[in-house]
Amino acid sequence: MTELGEPRDVLRLLDVPDPEPGPGQLVVRVLASPANFPDVLMCRGEYQVRPELPFTPGVELCGEVVALGEGVAGFAVGDRVLGGAALPHGGFGEFALLDATSTFPAPAALDDAEASALYIGYQTGWFGLHRRAALRAGETLLVHAVAGGVGSAAVQLGKAAGARVIGVVGGPEKAAVARALGADVVVDRRDEDFVEVVRAETGGRGADVVYDPVGGDTYQRSTKCVAFEGRILVVGFAGGRIQSAALNHALVKNYSIVGLHWGLYQRHDPAAVAECHRALTALAARGAVRPLVSERLPLDEVAAGVQRLADGATVGRVVYVPVPTRPIPTHRGVDAQ
Numbered sequence: 001m002t003e004l005g006e007p008r009d010v011l012r013l014l015d016v017p018d019p020e021p022g023p024g025q026l027v028v029r030v031l032a033s034p035a036n037f038p039d040v041l042m043c044r045g046e047y048q049v050r051p052e053l054p055f056t057p058g059v060e061l062c063g064e065v066v067a068l069g070e071g072v073a074g075f076a077v078g079d080r081v082l083g084g085a086a087l088p089h090g091g092f093g094e095f096a097l098l099d100a101t102s103t104f105p106a107p108a109a110l111d112d113a114e115a116s117a118l119y120i121g122y123q124t125g126w127f128g129l130h131r132r133a134a135l136r137a138g139e140t141l142l143v144h145a146v147a148g149g150v151g152s153a154a155v156q157l158g159k160a161a162g163a164r165v166i167g168v169v170g171g172p173e174k175a176a177v178a179r180a181l182g183a184d185v186v187v188d189r190r191d192e193d194f195v196e197v198v199r200a201e202t203g204g205r206g207a208d209v210v211y212d213p214v215g216g217d218t219y220q221r222s223t224k225c226v227a228f229e230g231r232i233l234v235v236g237f238a239g240g241r242i243q244s245a246a247l248n249h250a251l252v253k254n255y256s257i258v259g260l261h262w263g264l265y266q267r268h269d270p271a272a273v274a275e276c277h278r279a280l281t282a283l284a285a286r287g288a289v290r291p292l293v294s295e296r297l298p299l300d301e302v303a304a305g306v307q308r309l310a311d312g313a314t315v316g317r318v319v320y321v322p323v324p325t326r327p328i329p330t331h332r333g334v335d336a337q
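Heads up: the sequence shown begins at 1 in full-length UniProt numbering, then just goes up one per residue.
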């Protein structure tokens with residue numbers, strides 16, 4: 001990216017120098033990198049993180065280690081890893097940078113594309129449901145935007161925790177995806193009112209936990225079907241409007257509004273992030289979670305894929321999976337061939 005705008009207009013396929021690892025960093029050959037909504041927002045210059053131009057987006061990835069920076073321990077050349085990219089060298093390229101503190105072994109149970117999508121969405125879901133909302137077995141979990149990357153992760157994690165999951169989608173194709181993910185009840189918001197469905201399915205009690213990555217009207221309507229002592233988990237605002245919360249309503253109905261900024265755990269409690277990765281790896285090993293990958297794209301189709309995500313036209317994860325074209329470079333005297 002050399003300018004800001006819509007992904008289809010500003011993402012360009014260019015040759016740039018290979019990244020070099022700084023202290024505490026790793027260079028990886030990218031094996032897969034999924035499109036995330038932060039990538040869309042960074043293209044537009046609307047994300048809270050605004051890398052200096054030019055930069056390569058792709059905020060998470062799975063890769064093969066080819067070089068280690070000074071002070072990196074616990075990794076070796078050839079390791080298959082996943083994690084968050086160290087911008088400006090993101091995952092939508094042949095090689096990328098990772099900070100060792102946010103890099104983890106890729107689960108053997110997942111292929112490269114699936115492993116690349118286990119980081120942000122699933123960590124967000126795990127921290128949201130377990131650390132922030134304290135979801136318990138037997139509770140009812142309402143998940144919005146189930147067919148997307150964040151929502152699909154929440155459905156699988158909710159089922160793994162023993163919850164009854166009601167999933168909300170837009171359209172019959174996405175409804176079929178929600179059922180395949182394991183949602184117990186699927187609501188097509190184009191044909192049904194999710195508030196009425198939740199009330200009917202819970203005998204009027206409402207949802208114990210609401211997982212909301214959409215915001216706006218979706219949040220406002222969720223307050224009408226949250227249970228006594230329920231928790232509304234504010235995950236994001238993919239709908240484009242940041243809602244205001246009527247605190248008198250939360251008081252009268254006795255529910256909690258819980259925010260989640262997953263990135264803060266990396267700063268304040270990195271041990272918990274590592275614990276989460278171990279838990280997700282164990283869930284993947286027993287087949288309880290598996291990222292839903294709907295498209296695997298070569299590099300020259302990434303811009304169109306990110307734009308489809310921006311337009312709300314994707315299901316599951318759209319993932320860049322490269323076709324090898326160059327040998328692995330040698331960095332700092334390390335023979336990575």
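All C-beta atoms, glycine included, are put in the ideal place defined by N, C-alpha and C.
Please read these numbers as outputs of a predicted model, since none were measured by experiment.
Within the model, the alpha-carbon separation for Ala115 versus His277 is close to 11 Å. Rounded to the nearest angstrom, the Cβ distance from Leu292 to Gly312 is 16 Å, too far for a contact under 8 Å. Following the DSSP letters along the chain, one finds Tyr320 inside the beta strand (DSSP E) bounded by residues 317-320. Cβ atoms of Arg189 and Val169 come within 8 Å of each other, at about 7 Å. C-alpha of Gly215 to C-alpha of Glu94: approximately 35 Å in a straight line. Residues Pro23, Gly24 of the same chain have their beta carbon placed closer than 7 Å to that of Gly71, with the five preceding and five following residues left out of the count. In this chain, the alpha helix (DSSP H) harbouring Cys276 covers 270-285. Beta-bridge partners assigned by DSSP to Phe104: Leu82. Under the criterion of beta carbons closer than 8 Å, Gly128 and Leu280 do not qualify as touching, at roughly 13 Å. Arg231 counts as buried, since at least 16 other C-beta atoms from the protein chains shown sit within 10 angstroms of its C-beta. Remark: C-beta atoms of Ala73 and Ala100 approach each other more closely than 9 Å.
Residues Ser102, Val273 of the same chain have their beta carbon placed closer than 7 Å to that of Gln266, with the five preceding and five following residues left out of the count.
Assignment of His144 by DSSP, reduced to helix, strand and coil, places it in the coil class. Every beta strand (DSSP E) of 3 residues or more that sits fully in the segment 190-240 is shown, in chain order, as 207-212, 226-234. One alpha carbon belongs to Arg308, the other to Gly171, and they sit about 16 Å apart.
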